[in-house]
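Q: Residue numbers (the working numbering): 9 to 126.
1. Looking at the secondary structure, which residues open and close the alpha helix (DSSP H) in which residue 80 lies?
2. State the Cα-Cα distance for the pair residue 53 and residue 69, rounded to the nearest angstrom.
3. Under 8 Å Cβ to Cβ from residue 46, same chain only, skipping five residues before and after it: list those, please.
4. Out of 76, 106, 75, 77, which has the shortest C-alpha to C-alpha gap to residue 89?
5. Rounded to the nearest angstrom, what separates residue 81 and residue 74 at their Cα positions?
6. Which residue marks the beginning of the alpha helix (DSSP H) containing residue 28, and which one marks its end?
7. Can you give me the Cβ contacts of residue 60 inside the same chain, cut-off strictly under 6 Å, excluding the 5 residues immediately before and after it?
8. Rounded to the nearest angstrom, how far is the Cβ of residue 91 from that of residue 104, given a contact under 8 Å?
9. Measure the Cβ-Cβ separation of residue 109 and residue 58 and say whether it is below 8 Å.
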């Protein structure tokens, strides 16, 4: 098995690889919960969609999708910025992946809270 040991990575290459794997796991977790988040928004729309349309504002589902698109743009821009702390260095990709994982887990917490309050 030639994959790095992500329990105790030693080289920068291993640390970068493991940070990428960590982000992929966080992203998969977010994608796995997304259908439940959409379902909760649709459920809320059973009560508010007509009122929202009458007022010319987005439905719950539309607002969720707009927020998620904006969050993805923010996440990517924020992590690019954070990686500039080590711009041009071998750690730059690792710092970016660590940020992506962290912010994705924060988003999971936010969306989980929204599910719990429904």
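Idealized CB from N, CA, C, for every residue including glycine.
Keep in mind it's a predicted model, so treat the numbers as computed, not measured.
A: Per the coordinate set shown:
1. Mapped onto the chain shown, residue 80 falls at position 72. For residue 80, the enclosing alpha helix (DSSP H) begins and ends at 68-91.
2. Your numbering for residue 53 matches position 45 in the chain shown. Your numbering for residue 69 matches position 61 in the chain shown. Straight-line Cα distance between these residues: approximately 7 Å.
3. Translated into positions along the chain shown, residue 46 becomes position 38. Its chain contains 69, 72 as the residues whose beta carbon lies nearer than 8 Å to that of residue 46, once the 5 sequence neighbours on both sides are disregarded; these appear in chain order.
4. Counting from 1 along the chain shown, the entry for residue 89 is found at position 81. Measuring from the Cα of residue 89, the nearest candidate turns out to be 106.
5. For the purposes of this step, residue 81 is taken as residue 73 along the chain shown, with counting starting at 1. For the purposes of this step, residue 74 is taken as residue 66 along the chain shown, with counting starting at 1. Between the alpha carbons of residue 81 and residue 74 lies a gap of roughly 11 Å.
6. Taking the first residue of the chain shown as 1, we reach residue 28 at position 20. It spans 20-63 - the alpha helix (DSSP H) in which residue 28 sits, taken as one unbroken run.
7. Here the question's residue 60 lines up with position 52 in the chain shown. Closer than 6 Å at Cβ, skipping near neighbours: 67.
8. Residue 91 sits at position 83 when you count from the first residue of the chain shown. Residue 104 sits at position 96 when you count from the first residue of the chain shown. The C-beta distance from residue 91 to residue 104 rounds to 4 Å, short enough to fall under 8 Å.
9. Locating residue 109 in the chain shown gives position 101, where the first residue counts as 1. Locating residue 58 in the chain shown gives position 50, where the first residue counts as 1. Not a contact, by the Cβ cut-off of 8 Å.
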